[in-house]
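Working notes, structure below.
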Amino acid sequence: MPRGDLDGTTVVLGVSGGIAAYKAVELERRLVDAGAHVVPVVTESALRFVGLPTFSALASEPAHSSLFEDPDPIPHTTIGRRADLVVVAPATARVIGSYASGISSDLLTATLLATTAPVLVCPAMHTEMWEHPAVQENLATLRRRGVHVLPPEEGRLAGGDVGAGRLAEPARIVEAAAEVLRSTRARASGDLAGLRVLVSAGGTREPIDPVRFIGNRSSGKQGHAVAEAAHARGAEVTVVTTVGLPAPPGAEVVRVETAAEMAEAVLERAAEADVVVMAAAVADFRPKVVAGEKLKKRAGPPDLVLEPTLDILAELGRRKRAGQVLVGFAAETGDMAEEAAAKLESKRADVLVGNDVGASGVGFEWDTNEVTIFTRGGSRAVPLTTKKAVADAVLDAVLDQMRPGRTAAPDQEGALPA
Ligand code: C5P
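In structure tokens form, the structure reads like this:
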């Protein structure tokens with residue numbers, strides 16, 4: 210028998226009640242062909258479209274449909290524990306809603322709540338339902354919790370309608386299932402597995418009045434790239450961010466706006482973190498007084514009096530516990546090595562990423578970056594590349610700091626100036 214992408218895996222195939230349930234039969238066959246041991250869990254309403262014997266005949270074991278009529282007294286936990294992956298296809302609005310709100314109303318939703326395996330949800334429904342904010346919010350909740358969602362395609366729907374909501378093609382679902390298993394395995398064996406990484410991202414905004422603020426040009430792209438890279442390498446990630454860029458599945462995301470909000474969110478979570486990466490461009494000063502009403506143009510230019518904000522990185526340095534690694538960023542236009550050395554010391558950081566923000570393609574808003582990574586042992590230049598590659602280089606430097614009896618890496622260029 211040929212080896213497939215899913216060889217040796219147990220895949221629980223949840224089928225809920227929509228016209229697309231007939232496609233689940235084809236999907237079941239393809240999952241088996243790809244090498245999976247397939248356990249179908251079928252809802253009562255799915256059985257109105259396709260009979261249980263059909264699912265049983267094509268699967269690796271008899272299909273399950275009831276919490277109470279199964280020979281096993283606790284089928285949901287047993288099935289949930291055996292799963293390497295749960296695929297729900299088609300996933301109806303009801304199943305998505307129950308899963309998101311933690312309501313177990315049948316064997317499938319009970320299994321979804323009982324399992325710790327990765328879950329791939331493949332919605333299928335009429336366009337109006339697919340576009341309903343309730344469905345979209347439930348899916349956003351599931352995504353935030355680390356559930357993978359394969360969106361439906363556009364095409365013909367039941368009743369002759371055409372639009373978005375058609376179940377993804379079975380071949381595409383098998384591909385997505387294999388990808389979820391691959392990334393889950395990669396995370397489990399990743400070099401940051403078991404570490405908690407806290408990342409700040411974006412630029413803070415310091416209000417002058419209800420409509421105006423002092424801000425900076427940070428896009429948050431580099432910080433979010435660090436979050437993505439840390440997730441892919443197995444870390445548990447928290448992102449404190451001023452921007453709405455996507456965050457990795459399952460990451461805790463805290464939206465903030467001002468330096469004070471960022472300080473509160475970061476400091477509250479820092480004690481738990483093994484690694485803190487301060488990639489955010491935090492304002493150094495903020496208006497001392499914030500006008501309650503919009504300042505009038507006719508009153509002439511205001512005399513803005515500024516006061517310093519808390520230096521979060523320096524505060525993290527003061528609170529740093531043994532073994533914790535602190536990473537700072539420094540946007541510089543002058544002598545980077547000297548500045549970096551001074552900041553490593555003054556902020557008690559372990560790694561400092563220097564950006565020459567004066568150069569083209571580098572720093573704020575670009576998708577690429579060129580940095581020098583400074584540690585107390587030396588420095589490493591990372592030539593112009595993607596922010597994702599820079600993120601990986603920064604995380605390599607972090608791991609280097611965690612190695613017992615660490616020494617400078619071979620490509621390091623030498624000690625920093627004193
Ligand atoms: O001193 P400077 O602002 O150049 O240092 C930059 C580093 O310090 C960045 O990692 C930034 O996130 C952090 N920082 C901070 N709190 C501030 C200002 C900067 O944590 N108020």
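Its first residue numbered 210, the sequence shown is counted upward by one per residue in the working numbering. C-beta atoms are modelled at their ideal positions from N, C-alpha and C, and glycine is treated no differently.
| query | result |
| --- | --- |
| Return yes when the Cβ of T450 is within less than 9 Å of the Cβ of G432, no when it is not. | yes |
| Across which residues does DSSP place M487 in a beta bridge pair? | S409, G537 |
| Can you check which of these residues, E378, V566, E363, is closest to G372 by C-alpha distance? | E363 |
| Just to confirm, does K529 get its C-beta within under 8 Å of one of the non-hydrogen atoms of ligand 1? | no |
| Report the start-end ranges of each alpha helix (DSSP H) in the region 272-299 that is 4 residues or longer and not cut off at the edges. | 284-291 |
| What would DSSP say about A377, mapped onto helix, strand or coil? | coil |
| Are the Cβ atoms of A230 and V250 separated by less than 9 Å? | no |
| Expressed to the nearest angstrom, what Euclidean distance is found between the alpha-carbon atoms of T350 and D544? | 46 Å |
| How far does the beta strand (DSSP E) with A303 in it extend, from its first residue to its last? | A small correction: the amino acid at residue 303 is Arg; Ala does not occupy that position in the sequence shown. Note, R303: premise wrong, no beta strand (DSSP E); alpha helix (DSSP H) at 302-310. |
| If I measure Cβ to Cβ from G374 and keep anything under 6 Å in the same chain, skipping five residues before and after, which residues do I get? | M334, H335, T336, W339, P361, L366 |
| Tell me which residue opens and which closes the alpha helix (DSSP H) that E237 is part of. | 230-242 |
| Please confirm whether V580 and V599 have their CB atoms less than 9 Å apart. | yes |
| For D315, does the count of other Cβ atoms within 10 angstroms reach 16, so buried, or fall short, so exposed? | buried |
| Rounded to whole angstroms, how far is the Cβ of L329 from the Cβ of H357, which I believe are closer than 8 Å? | 5 Å |
| Indicate, with yes or no, if ligand 1 has a heavy atom lying under 8 Å from the CB of D520. | yes |
| Between which two residues does the beta strand (DSSP E) containing P592 stretch? | 587-595 |
| Specify, as a first and last residue, the run of the beta strand (DSSP E) that H341 falls within. | No beta strand (DSSP E) holds H341; DSSP gives it neither H nor E. |
| Are three or more beta carbon pairs between the region 383-397 and the region 464-475 nearer than 8 Å? | no |
| Within the present structure, is the beta-carbon of V491 separated from the nearest heavy atom of ligand 1 by less than 8 Å? | yes |
| G223 and V295: beta carbons closer than 9 Å? | yes |
| Check L515 in the structure and name its three-state DSSP category. | strand |
| If I measure Cβ to Cβ from R527 and keep anything under 8 Å in the same chain, skipping five residues before and after, which residues do I get? | R557 |
| Is it buried or exposed for G226, if we count other Cβ within 10 angstroms and need 16 for buried? | buried |
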